[in-house]
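See below:
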C-alpha cells in the first residue's frame, strides 16, 4: 500500500505568496511589484510559513499509521493486535560435531560452542548443551548465527566447517543443512502491512478475554467475570457484582445475550451463565485500643466497622479470591486499633476456575462478631 503523505495544509509557495500579496495590498493600499522591497519581504515570510506548514504536515502524518515512520509507527502499533515491530532474526542450520573415536562415556558439546566458515567470518553457536553419546562418533546440533538478519542465509552444506571453541576429542565440524530462517527487522512498509493484517488475528474462536470484555460491557456494576470450559465447546460464565452479590437473573440474561450474540460467540460454542459456588465463612475478632491513641473509642469503632465492611466486600467481589484473614488484620490495624485477635476466618484456598472442570468459588460472610476488648498499654 502506498505510504504517500497526506496534505493537511497547502505547501504551494506561489499560492501562499499570492495570498500574502493580496492581503498586504488590501491593508496598505500599495501595489506590490515583482521586484519591490515589499515583494522580497513577502517572499521571505512565505518561505518561513511554508517550512512551518511542511512541519505541520509531517507531524500530522506521523499520527496516521499508514504514513508514520520509525519510532512514530512503533508508538502507533499499540492500537493494533500486532504491537511490536518484528526484530531481525538469526539464521540457523544443523552442524555435525564429530569426535576422533568412540568413547565409553558421553562427550559434552557445551552450549555456546562456536563454529564459523573460511570466508565471511560469521560466527555460529550452539544454543544448548549437546552430547556425543557413548559408542557414537558425532552429534547433530542446531546452531544459530550471532549476527541477526538475512546475512546468515544461504550457506551451503559443508561450508561452515571451522571450529572456534575446542571440545573434548574434537575431530571435525561441518553443517549438514543449508542455513536459513534469518530475517532483517521489518521496514516501515512491512510493519504497516503486518499491522493491517493483524486485525484479522482478533479471533472469535473463544478467547477468554473476549468473553470477559463482552460480559463486562453489559453493566459497570459487574465486578468480576470468569469464563470456564468444562468440556470442549462448552463455555460457562460466572459473574460477580460490585456490591459483592452474585449476578441476578436479569443480569445473567443480559450477559448471556451479549456473549451469545452471533457476532461474538464462536459457532461451535455453547454459552451459559452460571452461579459460582459459595464458600461461607464467619468473622469473629476482638480488637484492642491503645491508651495513647489520639482518636476516641467511638471514632475507632466507626473505623473498625468500616474496615470489616470493606473486607467483606473485597472478599466477595472477586471470584477465586482466597479467604485471607491477613487482609482483615491489615484493615483493622489501619483503622487505628493496637492489636487484633482473629478467631475466624481461617485462611482458605478457593478455586478460580483455572483447572478444567472446576467451578469458581467466592467467599461470603455468614456471621459477623466484632468485639471491643478495651484499652491496653503500649
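Residue numbers (our numbering): -9 to 368.
Note that CB positions come from ideal geometry on N, CA and C, so glycine has one too.
Given the structure is predicted, the values throughout are model-derived calculations rather than measurements.
Nearest to residue i (by Cα), restricted to the options the options
i: residue 159; options: 93, 340, 50, 183; result: 93
i: residue 209; options: 178, 243, 198, 177; result: 243
i: residue 153; options: 115, 14, 32; result: 115
i: residue 143; options: 165, 41, 350; result: 165
i: residue 132; options: 85, 12, 51, 47; result: 85
i: residue 356; options: 119, 268, 225, 205; result: 268
i: residue 361; options: 312, 295, 251; result: 295
i: residue 344; options: 4, 256, 216, 10; result: 216
i: residue 108; options: 129, 87, 91, 146; result: 146
i: residue 274; options: 21, 199, 330; result: 330
i: residue 212; options: 172, 218, 204, 230; result: 230
i: residue 7; options: 43, -3, 21, 29; result: 29
i: residue 83; options: -3, 46, 149; result: 149
i: residue 289; options: 327, 33, 129; result: 327
i: residue 263; options: 251, 246, 257, 252; result: 246
i: residue 319; options: 349, 44, 302, 36; result: 302
i: residue 249; options: 280, 312, 199; result: 199
i: residue 281; options: 226, 298, 205, 367; result: 367
i: residue 163; options: 87, 297, 358; result: 87
i: residue 167; options: 285, 134, 298; result: 134
i: residue 286; options: 251, 325, 311, 9; result: 325
Under the three-state DSSP convention, the category residue i falls into
i: residue 240; result: helix
i: residue 120; result: strand
i: residue 286; result: coil
i: residue 255; result: coil
i: residue -4; result: coil
i: residue 4; result: helix
i: residue 130; result: strand
i: residue 160; result: strand
i: residue -9; result: Because the pLDDT at residue -9 is just 44, under 50, the model does not fix this residue reliably, and the point stays unresolved.
i: residue 340; result: coil
i: residue 333; result: strand
i: residue 99; result: strand
i: residue 170; result: strand
i: residue 145; result: coil
i: residue 263; result: strand
i: residue 22; result: coil
i: residue 10; result: helix
i: residue 300; result: helix
i: residue 327; result: coil
i: residue 153; result: strand
Nearest-angstrom Cβ-Cβ length linking residue i and residue j, presumed shorter than 8 Å
i: residue 346; j: residue 220; result: 7 Å
i: residue 260; j: residue 223; result: 6 Å
i: residue 266; j: residue 352; result: 5 Å
i: residue 178; j: residue 60; result: 7 Å
i: residue 99; j: residue 106; result: Not confirmed; about 16 Å, so no contact.
i: residue 271; j: residue 334; result: 7 Å
i: residue 13; j: residue 22; result: Incorrect: roughly 10 Å between the Cβ atoms, too far for contact.
i: residue 172; j: residue 256; result: Not quite, the Cβ-Cβ distance comes to about 37 Å (not below 8 Å), so this is no contact.
Limits of the unbroken beta strand (DSSP E) element including residue i
i: residue 88; result: 82 to 89
i: residue 270; result: 267 to 280
i: residue 49; result: Where residue 49 is concerned, there is no enclosing beta strand (DSSP E), although the alpha helix (DSSP H) it sits in stretches over 27 to 51.
i: residue 214; result: 212 to 218
i: residue 104; result: 104 to 106
i: residue 206; result: Run containing residue 206: none in the beta strand (DSSP E); it sits in the alpha helix (DSSP H), 198 to 206.
i: residue 71; result: Neither: residue 71 is in no beta strand (DSSP E) and is coded neither H nor E.
i: residue 227; result: 224 to 231
Endpoints, the alpha helix (DSSP H) within which residue i is located
i: residue 357; result: Here residue 357 belongs to no alpha helix (DSSP H); instead the beta strand (DSSP E) covers 351 to 366.
i: residue 316; result: 315 to 324
i: residue 179; result: 178 to 188
i: residue 112; result: Premise fails: residue 112 is in no alpha helix (DSSP H) and is neither H nor E.
i: residue 63; result: 60 to 66
Beta-carbon gap between residue i and residue j smaller than 8 Å
i: residue 354; j: residue 292; result: no
i: residue 69; j: residue 96; result: no
i: residue 188; j: residue 71; result: yes
i: residue 364; j: residue 278; result: yes
i: residue 76; j: residue 184; result: yes
i: residue 57; j: residue 2; result: no
i: residue 300; j: residue 322; result: no
i: residue 101; j: residue 138; result: no
i: residue 74; j: residue 67; result: yes
i: residue 332; j: residue 341; result: no
i: residue 218; j: residue 206; result: no
i: residue 127; j: residue 89; result: yes
i: residue -1; j: residue 53; result: no
i: residue 389; j: residue 182; result: Because the chain is modelled from -9 through 368, residue 389 falls outside the range shown and cannot be assessed.
Proximity test, residue i beta-carbon vs the ligand HEM heavy atom, cut-off 7 Å
i: residue 254; result: Among the components modelled here there is no ligand, and therefore nothing to report on the ligand HEM.
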